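Quick note, the sequences are listed as chains A and B, same order. Mapping of the first sequence onto our numbering: position 625 corresponds to residue 625, and the numbering continues sequentially without gaps. Mapping of the second sequence onto our numbering: position 55 corresponds to residue 55, and the numbering continues sequentially without gaps. Idealized CB from N, CA, C, for every residue including glycine. Keep in mind it's a predicted model, so treat the numbers as computed, not measured. Notes to accompany the following structure.
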Amino acid sequence: MRLDWGNPDRPNSYIGRSVPRPNAARLVEGRGRYVDDIVLPRMLHVAFVRSPHAHARILRIATDEAQSAKGVRRVFTGADLCDVCSPWVAVLAHLKGIKSAPQHPIAVERATWTGEPVAAVVAETRAAAEDGAALVDVDYEVLPAVVDMETALDPATPLIHPDLGDNLTFQRLHEKGDVDAIFSAASHVVEATFRTGRHTGVCLEPRSILAEWNPGERQLTVYHSTQAPHMMQSVLAKHLDLPESRVRVICGDVGGSYGIKVHVYPDEVATAAIARVMGRPIKFIADRTESFATDIHARDHRITGRIAVDENGKILAIDIDDLTGIGPYSVYPRTSAIEGNQVVNLCGGPYDFQTYRAQTTVVLQNKTPTCQYRAVGHPIACAVTEGLVDMAAEKVGLDPVEMRRRNLIADDAYPYTSAAGMKFEALSHHRSLEKLVALMDYKGLRAEQAQLRERGVYRGIGIASFIELTNPSPFMYGIGGARISAQDGCTVRMDPDGSVVALSGVTEQGQGTEAILAQIVAEAVGVEVGEVRIITGDTQTTPYGGGTWASRGAGIGGEAALQAGLALRANILEVAGAMLQAKADTLDIRAGRIVDSNGGIERMDLAELGRIVYFRGDTLPRELSREMVATRHYITSEYAFAFTNGVQASWLEVDVETGFVKLLKHWCVEDCGRIINPMLVDEQIRGGIVQGIGGALYEECLYDGDGQLLNANMADYLVPMAAEMPDMVVGHVETPTAESALGAKGAGEAGTAGAPGAVMNGINDALRPLGARLTEMPFTPERVLRALGKLTK
Amino acid sequence: MNAEGMFRRQVEVALTVNGEPVEARVDAGKHLVDFLRLDLGLTGSHAGCEHGVCGACTIRVNGEIVRGCLVLTAQLDGAEVWTVEGVSETGEMRALQDAFVQRNALQCGFCTPGMLFAAAELVERGGRPSREEIREHMSGNYCRCTGYEAIIDAIEQVTSDQEGAR
């Protein structure tokens, strides 16, 4: 059956409407259930002793005093867990040459970053565990730390893992066309070096896990604040040497994740291992300092880029050299090479050119490990590309919007394969740009800008076009050997009262997954949205799936829900046809009632159908199938990824005396295909933009020369707050993917992908008359004043 | 060193929480948010940073909003404490809560109880604050999901409805 998308008055038309989220009502009453809210009988708490050194040999760990402290039940060192938990090595087969060292849940011989766990103290309360941890006495031999990624590969630099032979984790060079020839012949070449600051997600709910081993069932149950329950099930089973079927991961409410909670953390695995050893529930909740020092960091890149254009501003070639420092280990199981790899894949992404060279070099250092954080690599690639495009426009003498009109891939050029080899099914760069220009009154703002400049007020407009990778296929992780599902499933069933329950493998972290699944299922089956309950986040009950990452919830999980809902609808209509002695295809389900397709006359409601199926099955024909449940799975196959596109604009003012940047307004027009819930998409875009702004203006994990993290608290690590953020106007173009019936692509990362580039271009546009240019994020007042030459020391 | 005698490790307090009398013997160093969460099972207040910055533990004590992670329970003998669970029962924040749901002014919900207490303080002042004033007032509470705009919209809706009704 086909849904008549074009008709907003079609029956059960929940797809495309701004329905409030069903789980929001309990969250505003404080009735969420986050991991730390769960208390189990005989539960103990674990606190970790963490390395105060960036690199040190562990000589001796004295645990006696801690062991005998009040409330302490047991102390574990790395060696104590070696027999119950195997180490892991985070590599993927399709990332050629990637290497990393075995990583243990608790450091065994050496600590390799400040914050790495070196011992665990289990006690009756968290407070007692922390007091006990303070009594563990560790003798360290401090080793030289590798801090600067620029010198990580120098022969004189010590090796973090001597067995690896060097500090190089991964390197990839992509080359298409004769790059050097184009650059030497081009009318104009511009070049710049960009830096993106190492930052982190700062989930308001810290990482949290509660693990319980039941010896009677030989089952490990883990309550986990995670984005990928099935992946965690697989990882815990493998490294604790349990059958996957004997590990159950339950994920209730999650207090923010943004990619931070999709990785394997040593302290969390240690918690599960300790629960296995002690046979008692063990809870670990990271505190804020631990979060800063041990949540993955991201975006620590130095990128040198150049762009060649002809005399009309047409882009001829782009050349990128990316260097990133990822800490001492590639992070399991997704690896820490993906971000650099994405920089290679995505630079120049919106533009029509075919000569391209990009290299990423991924090196080890003694800092917190980095890995995939919201919009992985996109904000870097977008800022570098858009920075270069603006510089080229200036060189040629073109307005930034006109420069983009001349170079964005034409809307009728699809399918299109980019110079980086990315395949685009259908994008809408030009329609998006024109919509943005109209929304923001570009001409009006330019006029205002010119007037204000005469009065010494420096305002700027920054434009950033972007692409976003969503709906990943197994080409992202599966082909590399990781047990991370690109497929997702949904089971939809009708209960006797006519209500519908849907169980899905994608998860909810606040973005509204459960709301959009309810809308899709309601429309597919033909019931009111309030009659659909959604269950996610339990590996023992939901269909197998990947969870939520790479903006896959709506596009992958949504399609599975749509197909499962349609299958249930067909099953229901078959039964209804038998009951009403009508052909199934002359009947329909609307708002929970069986009706005649023509005319809509009500024949029976679903509760009556449910009563007969479940309690008076004897009255139905014996051969009639009466499956009031259907399961469907979905995986993308034609395209490795469903790319989305969009364009952002930032309108801001730079105070040239203080260096402060004031954001005045922000616009985003994006195309995520079929929109299921416009309000939720807009809020994903807005939240994403603000996280991107954080990286552009405020957020940076600062280290000293010894590898000490200097600002591991919320007072010193700045994030965007309400007073500094602008209002954001969000517009849409809808180009559904033809791969699925639903047509939805992802929307969770577009905001973050484009915002830093837009803000950077806005600042540089504001300062252009003063000859200043900034390319190092975050754009702090100090850096602005330095660029203006007002700070020279 | 044993500090016994210099100060008491445990302190007895009698207070009201959400209108109900509570008597307890608490560790002298126990913060209010831990007391509420661990001793009373009131898990609606969240500990986000434990040093008074993020605002997730914002609750009301004796009519004023405070950071639950900066207040010691031992200080609260005779105090009147309200948490999100209590004000949800009395219904006094219903308009704000409804506006937050309608406008999707929350995503993960972790900051929301604290946000509501901060917002309620502004709403109770009356008047029709500008968006800038609302943003300024809410700038002590972190939200990492929404980008704040929906929160500002929801509060603006409630303050303007309230003024309109006068």
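Asked	Found
Through-space distance from GLN162/B to ARG131/B, alpha-carbon basis	15 Å
Against chain B: residues of the segment 686 to 716 of chain A by CB proximity under 9 Å	ARG686, GLY687, GLY688, ILE689, VAL690, GLN691, ILE693, GLY694, ASN713, MET714 and ALA715
is_contact[ASP37/A, chain D] using C-beta, thresh 7 Å	Judged by its chain identifiers, the structure shown contains no chain D, and its protein chains are A and B.
Nearest candidate by alpha-carbon position, reference GLY50/A, set ASN214/A, ASP287/A and GLY599/A	Here the sequence assigns Arg to residue 50/A, which means Gly is not the residue at that position. The candidate whose alpha carbon is nearest that of ARG50/A is ASP287/A.
Per-residue DSSP class, three states only, for TYR148/B	coil
Distance between ALA93/A and GLY481/A (C-alpha atoms, nearest Å)	6 Å
Burial state of ASP585/A, where buried means 16 or more other Cβ atoms lie within 10 Å	exposed
Within chain A, the residues that VAL53/B reaches when beta carbons sit closer than 8 Å	ASN713, MET714 and ALA715
Distance between beta carbons of GLY325/A and ASP300/A, contact taken as under 8 Å	5 Å
Under 7 Å by beta carbon: chain B residues contacting GLY646/A	Within chain B, no residue comes near GLY646/A; the closest Cβ sits about 16 Å away, beyond 7 Å.
Nearest residue (CA-CA) to SER208/A, options LEU767/A, GLY456/A and ALA270/A	ALA270/A
Cβ pair count under 8 Å reaching 3, the segment 370 to 387 of chain A against the segment 463 to 480 of chain A	yes
Range of the contiguous alpha helix (DSSP H) that encloses GLN563/A	558 to 580
Distance between SER597/A and TYR258/A (C-alpha atoms, nearest Å)	44 Å
Three CB pairs or more closer than 8 Å across the segment 40 to 49 of chain A and the segment 131 to 149 of chain A	yes
Which residues DSSP lists as bridging PHE424/A, in chain order	TYR416/A
Completely contained beta strand (DSSP E) runs for the segment 503 to 554 of chain A, where each covers 3 or more residues	532 to 536
Local conformation of HIS230/A per DSSP, three classes	helix
Candidates GLY340/A, SER336/A, VAL492/A and ASP352/A, of which the one nearest ALA317/A by Cα	ASP352/A
Contact set between ASN62/B and chain A, taken where Cβ atoms lie within less than 7 Å	The contacting residues do not exist; ASN62/B stays about 20 Å from chain A at best.
7 Å Cβ cutoff, GLU20/B in contact with chain A	no
Cβ-based contacts, 7 Å cut-off: residues of the segment 85 to 115 of chain B near chain A	GLU85, SER88, GLN97, PHE100, VAL101, GLN102, ASN104, LEU106, GLN107, CYS108, GLY109, PHE110, CYS111, THR112 and PRO113
Per-residue contacts from VAL249/A into chain B (C-beta, under 8 Å)	What VAL249/A touches in chain B: nothing, since even the nearest Cβ is about 19 Å away.
Those residues which DSSP pairs with ILE59/B across a bridge	VAL66/B
Three-state secondary structure assigned by DSSP to GLY673/A	strand
Best match in TYR458/A, PHE660/A and SER650/A for proximity to ALA766/A [C-alpha to C-alpha]	TYR458/A
Within chain A, the residues that ALA150/B reaches when beta carbons sit closer than 8 Å	GLU683 and ARG686
Check whether VAL71/B and LEU32/B have beta carbons under 7 Å apart	yes
Classification of PHE110/B by the beta-carbon crowding that lies within 10 angstroms, buried from 16 upward	buried
Residues of its chain near ALA79/A, where Cβ-Cβ distance is below 7 Å and the 5 sequence neighbours each way are ignored	VAL108
CB contact check: MET1/B to chain A, cutoff 7 Å	Here the model assigns MET1/B a pLDDT of 43, short of 50, so the residue's position is not dependable and the matter cannot be decided.
Buried/exposed call for ALA630/A, threshold 16 Cβ in 10 Å	buried
PHE194/A and VAL384/A closer than 7 Å at C-beta	yes
Alpha-carbon to alpha-carbon, THR792/A and ILE152/B	40 Å
Among ARG611/A, GLU574/A and ARG569/A, the one whose alpha carbon lies nearest that of ALA591/A	ARG569/A
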